[in-house]
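Going by the working numbering, the sequence shown opens with residue 1157, and the numbers climb by one from there. Even glycine gets a Cβ: it sits at the ideal position worked out from N, Cα and C. Below is one structure; the comments refer to it alone.
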Amino acid sequence: MASTSNARAIAAAREIYAEFCLDRIVDIRIEALAMELGVFVEEDRLEGSTAVLIRQGNRGIVSVRSGISENGRRRFAIAHELGHFRLHKDKIAFACTDDMFLPWYRSSYLEPEANAFAAELLMPETSYRQIGAGRKPSRALFQNICDHFQTSLTASCFRYIEMECFPCALFVALDGKLKWVVKSQDLSHYQTRPINQPLDGASCAGEFFETGRTDENAPQQVLTRAWFSAFPRDSEFVSELPFCIPRLNMTLSLVWPE
C-alpha cells in the first residue's frame, strides 16, 4: 500500500494520463509531454548533478546531464523532475543526483515523492500488472518490461516488487555488500541478512563479487541462508535471478522460495 505522500504523487501522475488521454507514456516522447506541461527539456554539461529543475512561475526548465547513454535512466530523470514541478510548487529549484533516483533514498521526503510520480508516469500500475502479475522472475520478463516501458532495469525490478507481482525479494548489492532490500508482503516471515554486510559466497551475487562470474542466465537454486537470517524450516533453498552490472560493481538479485 502506498504511503499518503506517495499516494499524492501517484494521483498526480494519473491526472496527466487523464488530461492528455494517454494509454502509456511511450506513446509520445517525454520531452514533448514536458513541453505540454510547461517545461522545456535540454541537455547540458552538468557538474555534480544528473538533472536540474528551475521553476519560473508556471513554467520551468529541466537540464539533463549530457552523455547519459541509457535511455531508461534519462527518461526517469526527466520524469523525476516533472514530479518536482507538479508536486513541489513552493520550491523554485532542484538539483538531483543519481542517488536521489534510487528507491532507497530517504534523506528528504521530496525525492521519494518525485520517484513515485516518475514510476507511475513511466510504468502505470494497470499496464505493469498486465505484463508482470503472476509471472516468475526471468531475464525474458524483465527485458520485455524494460523494452515496453523504456525504463531501466533497477526501476523495473523495484516496480515488480512494489506491485506485488510475485512473492519475492529484491536485493541490491554494491562493492560486495548488501545495500538495500525490499520484500513482497508474502515474504514478511523471512528475515533478511543485515545491510552493509558482505554477501554470502553461496549466493550468485556473492559469487560474482568473489570471481567476476556473470554467465548465469536462468534462476539458480541457492541456500536460503545465503540471503535470509531467519526463514521457515522447510525452506532450505530459494531461487535467485541475478543481474550483475560490472561497470557499477553492482548486483540486483530477485530471490523467491519455490
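I'd like to check one pair, residue j with residue i: are the Cβ atoms closer than 8 Å?
i, j, result
"G1239", "A1165", "yes"
"G1288", "C1321", "yes"
"Q1353", "K1333", "yes"
"L1193", "F1250", "no"
"V1338", "P1259", "yes"
"F1257", "F1298", "no"
"H1236", "A1274", "yes"
Helix, strand or coil for residue i, going by three-state DSSP, please let me know.
i, result
"L1193", "coil"
"Q1306", "coil"
"L1277", "helix"
"G1216", "strand"
"T1206", "coil"
"R1389", "coil"
"Q1341", "helix"
"F1364", "helix"
"L1297", "helix"
"M1157", "Because M1157 sits at a pLDDT of 44, beneath the cut-off of 50, its placement in the model cannot be relied upon, and the following sentence gives the value as read from the coordinates. Correct three-state label for M1157: coil."
Any idea if residue i is buried or exposed, counting beta-carbon neighbours within 10 angstroms, 16 or more meaning buried?
i, result
"M1157", "Confidence in M1157 is poor, its pLDDT being 44 and thus under 50, which makes the residue's placement unreliable; the coordinate value appears in the next sentence. Exposed is the call here."
"G1362", "buried"
"C1177", "exposed"
"I1248", "exposed"
"E1396", "buried"
"K1245", "exposed"
"M1191", "exposed"
"L1404", "exposed"
Less than 8 Å between the CB atoms is what I'm expecting for residue i and residue j, so what's the real figure, rounded?
i, j, result
"P1323", "D1342", "4 Å"
"T1380", "F1393", "6 Å"
"C1252", "A1311", "That belief does not hold up - the Cβ atoms of C1252 and A1311 are roughly 15 Å apart, past 8 Å."
Are at least three pairs of beta-carbons, each pair with one atom in the region 1283-1301 and one in the region 1195-1203, less than 8 Å apart?
Judged by Cβ distances under 8 Å, the region 1283-1301 makes no contact with the region 1195-1203, as fewer than three pairs qualify.
Below 8 Å, can you find three or more Cβ-Cβ pairs linking the region 1271-1281 to the region 1173-1186?
The region 1271-1281, when compared against the region 1173-1186, does touch it at the 8 Å Cβ threshold.
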